[in-house]
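In terms of the numbering used here, the numbers along the sequence shown are unbroken and rise by one, the last being 62.
For every residue, glycine included, the Cβ atom is placed at its ideal position computed from N, Cα and C.
In this text the structure is predicted, and so the values were computed from the model without any measurement.
Take a look at the structure set out below.
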Amino acid sequence: MSRDTLITGLTPVQADGLACATCGADYMRVPVPHVPVGRSVTGSQVFACVGRLAGAAGGVLR
Ligand SMILES: [Zn+2]
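What follows is the structure, given as structure tokens:
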């Protein structure tokens, strides 16, 4: 998946890169490793938990 992938359908915190785009984990509270997976419509980087990426394709990310 490209880091420039546009990801839609996110909550405001997900779109700001403050929460996981796939499971919704709040990165301000949950210290889980995460990596950039794309950008939101606002241009902010969007992140997802490491280890969740394999199953993300059929979920929120399209
Ligand atoms: Zn997650």
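{"query": "Strictly by DSSP, which residues pair up with Q19?", "result": "The sequence given here places Ala at residue 19; Gln does not occur at that position. Paired residues: D26."}
{"query": "Rounded to a whole number of angstroms, what is the C-alpha to C-alpha distance between C23 and C49?", "result": "8 Å"}
{"query": "According to DSSP, is P12 part of a helix, a strand, or is it coil?", "result": "helix"}
{"query": "Under the three-state reduction of DSSP, which class applies to G43: helix, strand or coil?", "result": "coil"}
{"query": "Would you say the beta carbon of T42 is closer than 6 Å to some non-hydrogen atom of ligand 1?", "result": "no"}
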